[in-house]
Amino acid sequence: MKWISVVGARPNFIKIAPFCRAVDKYNKTNAAQIEHILVHTGQHYDDKMSKAFFTELEIPMADLNLDIGSGSHAEQVGKTMIAFEEICIKEQPDLVVVVGDVNATAACSITAKKLGIDVAHIEAGLRSGDRGMPEEINRLVTDSISDVLLAPDNFAFDTLLREGHSPDSVHLSGNIMIDTLDRELPKVKNNELPTGLEPNNYVVVTLHRPANVDELEKLEKIVNSIITEADNGTQFYWPVHPRTKTKLEEFGLLQILEGNDNIILEQPIGYHAILRLNLDAKAFLTDSGGLQEECCVVGTPCVTLRDNTERPVTLQEHGGTNVLSSIDSLPEDLAKALSAQRKPFRPEKWDGHTAERMVAVLAR
Ligand code: UD1
């Protein structure tokens with residue numbers, strides 16, 4: 001069997017690490033061998049956004065890098081499809097495995113299906129219902145053409161059945177990110193916090209969605225909410241995404257943040273660093289998908305600055321620690337999160353063994 005797995009952006013790396021290990025484990029215990037080729041589209045290319053994750057999560061170096069880099073969505077998807085088609089024609093895989101909801105996911109699933117190659121989607125069935133999000137388009141396109149749909153939770157599983165996918169093609173496999181969390185957590189739990197941070201008195205901020213960071217008026221309101229709490233004595237630790245950094249500079253907000261003693265701005269940080277921060281954080285303020293899930297399992301109150309989430313299983317009303325917030329309700333939601341208790345919660349099959357279940361299904 002020959003499989004090609006594709007990654008492109010930061011969240012993909014965290015999900016593919018346990019999958020690569022599960023393939024190796026399968027090969028050690030089964031006569032039928034899987035030849036596994038890892039392709040990196042090169043959407044994320046900075047060391048801090050890419051290489052750092054390969055190193056600390058011990059992901060084997062990608063066999064092929066398409067080097068597509070930054071660009072508009074059409075540019076990224078188009079360049080990826082052209083380059084990936086050549087690889088598929090040369091390698092003739094039996095299966096292409098795509099992950100998550102980034103541009104690589106949609107581009108490579110379309111390319112493979114047009115060549116008649118089977119596609120498996122890890123993290124299938126997530127729906128925010130918001131077609132204004134590029135990730136939602138990637139999810140809808142990928143799921144509609146995938147042959148094997150690996151759902152992380154019961155909401156996703158039910159969605160896929162409701163959309164008419166054959167029950168034979170849909171599998172409740174669990175959340176592969178939690179495999180990584182369970183493996184890495186013991187390595188970081190005794191690490192020191194960054195200098196100056198007081199345990200249980202800081203909020204970790206990660207924001208990168210265009211809807212939050214691209215307009216002055218919105219980003220300014222977010223910054224003001226942060227400054228209000230910082231002035232009340234809460235510390236903020238903010239590893240700034242490259243897109244957000246550019247916008248903060250452009251809008252003259254970076255200097256204001258830098259001038260506050262309770263706000264620490266950082267470059268993008270690695271997986272181990274953010275996991276360590278999660279263990280002692282008072283709360284997270286984020287628009288990331290994966291952090292909603294990690295906070296849910298670790299038990300950290302999480303304020304998600306979005307109108308919707310494709311991960312409802314993480315919400316407070318379903319047992320998690322996550323609340324959705326708008327820019328206008330942020331001051332109130334942040335204050336509430338700061339007085340909330342930690343409450344770890346693991347949805348069904350978020351047990352650290354998702355990758356093995358996936359490889360077993362795909363090998364069958
Ligand atoms: C992408 C994913 C998003 C995911 C996020 C995680 C899509 C549609 N979006 O968004 O789902 O949550 O990754 O970070 O695939 N840049 C750098 N260095 C890099 C990569 C990017 O400086 O290594 C800068 C470039 O200016 C680029 C901008 O960041 O234009 C945005 O990067 P891009 O890959 O287009 O999307 P993300 O916002 O990172």
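Here the sequence shown stands for residues 1 to 364, numbered as in our numbering. All residues carry an ideal CB built from backbone N, CA and C; glycine is no exception. Only a predicted model underlies this, so the values are computations on that prediction, with no experimental measurement involved.
- Taking the Cα of Phe345 as reference, the smallest distance to any Cα among Pro331, Gln292, Ile16 is reached at Gln292.
- In the three-state DSSP reduction, Lys2 falls in the strand class (E or B).
- Take the alpha-carbon of Arg183 and the one of His36: they are about 22 Å apart.
- At least 7 Å separates the beta-carbon of Leu149 from that of Ser173.
- Each of Val313, Leu254, Asn224 was checked against the Cα of Leu265, and the nearest Cα belongs to Leu254.
- In this structure, Val6 has its CB at a distance of at least 6 Å from all heavy atoms of ligand 1.
- Residue state for Thr80 is assigned as helix, using DSSP reduced to three classes.
- Excluding its 5 nearest sequence neighbours in each direction, Tyr271 has C-beta neighbours in its own chain below 7 Å: Ile14, Phe53, Glu56, Leu57, Glu184, listed in chain order.
- In this structure, Gln267 has its beta carbon at no less than 6 Å from each heavy atom of ligand 1.
- Between Val99 and Val7, the beta carbon gap of about 6 Å places them in contact (Cβ cut-off 8 Å).
- Note: Trp238 is bridge-paired with Leu265 in the DSSP secondary-structure output.
- Taking 7 Å as the cut-off, the beta carbon of Ala112 is found closer than this to the beta carbon of Val96.
- His36 carries a strand assignment under DSSP once its states are collapsed to helix, strand and coil.
- Under DSSP, Asn154 shares a beta bridge with no residue.
- DSSP, read as helix, strand or coil, puts Tyr45 in coil.
- Counted as a single uninterrupted DSSP element, the stretch harbouring Asp118 is not any alpha helix (DSSP H) but the beta strand (DSSP E) occupying residues 118-122.
- Of all alpha-carbon atoms in Ala107, Lys90, Pro134, the one lying nearest the alpha-carbon of Ile68 is that of Ala107.
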